[in-house]
Amino acid sequence: MANFSPRAYSASSLSAGTTHECSPFPSNCSISLDQPAQNAEFFMNMGTGTTGPTMPAVNLKATVSCPGTPELEYRFMVGNDGKALEYENKPKSPSANYIDPPTIDSGWLAASDWNIDWDADIYGGHVTHVTVCARRKSDKKVISSQKFARDFWILGGALYEANGTPTLGSYLGTKGLDQQMLIMAKAIARSETNTTHFEPKKTATTFHKRYPKRSFDNGYGVFQLTNPIPTREQIWNWKKNTDAALILLATNRQAAKAKLDQHPGYTNVQLRLETYAKYNGGNTGGNYHVWNGSAWIEDPDYVCGCDNTMRKGKKKNDPSAPCLYLSQCYANVTHRLEY
Numbered sequence: 010m011a012n013f014s015p016r017a018y019s020a021s022s023l024s025a026g027t028t029h030e031c032s033p034f035p036s037n038c039s040i041s042l043d044q045p046a047q048n049a050e051f052f053m054n055m056g057t058g059t060t061g062p063t064m065p066a067v068n069l070k071a072t073v074s075c076p077g078t079p080e081l082e083y084r085f086m087v088g089n090d091g092k093a094l095e096y097e098n099k100p101k102s103p104s105a106n107y108i109d110p111p112t113i114d115s116g117w118l119a120a121s122d123w124n125i126d127w128d129a130d131i132y133g134g135h136v137t138h139v140t141v142c143a144r145r146k147s148d149k150k151v152i153s154s155q156k157f158a159r160d161f162w163i164l165g166g167a168l169y170e171a172n173g174t175p176t177l178g179s180y181l182g183t184k185g186l187d188q189q190m191l192i193m194a195k196a197i198a199r200s201e202t203n204t205t206h207f208e209p210k211k212t213a214t215t216f217h218k219r220y221p222k223r224s225f226d227n228g229y230g231v232f233q234l235t236n237p238i239p240t241r242e243q244i245w246n247w248k249k250n251t252d253a254a255l256i257l258l259a260t261n262r263q264a265a266k267a268k269l270d271q272h273p274g275y276t277n278v279q280l281r282l283e284t285y286a287k288y289n290g291g292n293t294g295g296n297y298h299v300w301n302g303s304a305w306i307e308d309p310d311y312v313c314g315c316d317n318t319m320r321k322g323k324k325k326n327d328p329s330a331p332c333l334y335l336s337q338c339y340a341n342v343t344h345r346l347e348y
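Position one of the sequence shown corresponds to residue 10 (my numbering), numbered consecutively onward.
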């Protein structure tokens, strides 16, 4: 991750009881945080195949009035308990790679407004607090500091350009993929998320709209990265999510090829189906084909279609078997989405 210093403070630096110069304290000055508004939402620019994504512009503006009207300098700290913002859907596993971005510090400013410097990272979530600090310009003495509870959100957008073209396809075109990898990457993105990275605004819960898509098994983003657990940037930055998925997909194809190479003569379609199964895993361990003595065939012990998504299946000759999410069923669905 990028080095946030000197913008960032440790978890204890703005906590109650510390001696940081901008720790809140009573004063004769009045302070208001005028911008952003409570519950404001700011949306990332998703970029194109060759540019972005970029963080939104978020302006903080304060009004400070002190007896004697001294000339003042201003400072803003974004965050609470050492974190710039909260992400309620972050991976909870002890082995998770998600690192909360630290409190963001403007440093001392001549102006009473400031556009938050997000540094080079792409991330989002829920900002809960902003600290506003003021000092006299003449002797640099801090004369007022107040921590405001202020909720606003940094959210994502749609992966489609103005003309309806999928931005993901444009980005994949820059990666130097062979034709088979390109087919599989596009189909997996369609199968996993309908080629989008963030929750649709109309269906997600209040203030979680446009959070990264997350599945029941903690898959994140356009390619539903699950294992290894994705990092913060892989969760929020759709290009980093795509890059990680392409590495995983190449590994899966290598494993699929090694299996099918035991009995050569398979087709590109069979290699893709085996790769899809391994990308997903499912309850059949990422396998699609079995060797019947003369050819590679779809595992006949299972039948797909015990739910309306066609992604679940069960043991063919066991009526009491549970309906499970099967890797070979996933592969069939994904294969039908190829273009």
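A virtual CB, placed ideally from N, CA and C, is assigned to each residue, including glycine.
{"Item": "Reference R281, options G294, A259, G314, closest by Cα", "Value": "A259"}
{"Item": "Any beta strand (DSSP E) of 3 or more consecutive residues that is wholly inside the stretch 253-319", "Value": "298-300, 305-307, 311-313"}
{"Item": "Under 8 Å between C-beta atoms of Y285 and Y334", "Value": "no"}
{"Item": "For T214, three-class secondary structure by DSSP", "Value": "Low confidence applies here, because T214 scores a pLDDT of 48, under 50, leaving its location unreliable; read the following figure in that light. Reduced to three states, the DSSP call for T214 is coil."}
{"Item": "Own chain, CB closer than 6 Å to P79, minus 5 neighbours either side, in chain order", "Value": "R145"}
{"Item": "Strand pairing of Q155, partner residues [DSSP]", "Value": "V141"}
{"Item": "Three CB pairs or more closer than 8 Å across the stretch 188-208 and the stretch 141-156", "Value": "no"}
{"Item": "Inside the stretch 27-83 only - alpha helix (DSSP H) runs reaching at least 4 residues", "Value": "none"}
{"Item": "Simplified DSSP state of K195, which is helix, strand or coil", "Value": "helix"}
{"Item": "Environment of Q233 [buried if 16+ CB atoms lie within 10 Å]", "Value": "buried"}
{"Item": "G290 beta carbon less than 8 Å from that of S336", "Value": "yes"}
{"Item": "Which of helix, strand or coil DSSP assigns to L4", "Value": "Residue 4 lies beyond the residue range present for the chain, which begins at 10 and ends at 348; the question has no answer from this structure."}
{"Item": "Counted within 10 angstroms of its Cβ, other Cβ atoms place T72 as buried (16 or more) or exposed", "Value": "exposed"}
{"Item": "Reference S39, options K325, G77, G56, closest by Cα", "Value": "G77"}
{"Item": "Inter-residue CB distance, W305 and Q279 (contact presumed, cutoff 8 Å)", "Value": "6 Å"}
{"Item": "Rounded Cβ spacing between N326 and K287 (contact assumed at less than 8 Å)", "Value": "Their Cβ separation, rounded to whole angstroms, is 25 Å, which puts N326 and K287 out of contact at 8 Å."}
{"Item": "Rounded straight-line distance, which links the Cα of S303 to that of A194", "Value": "30 Å"}
{"Item": "Best match in A196, V231, L181 for proximity to T60 [C-alpha to C-alpha]", "Value": "L181"}
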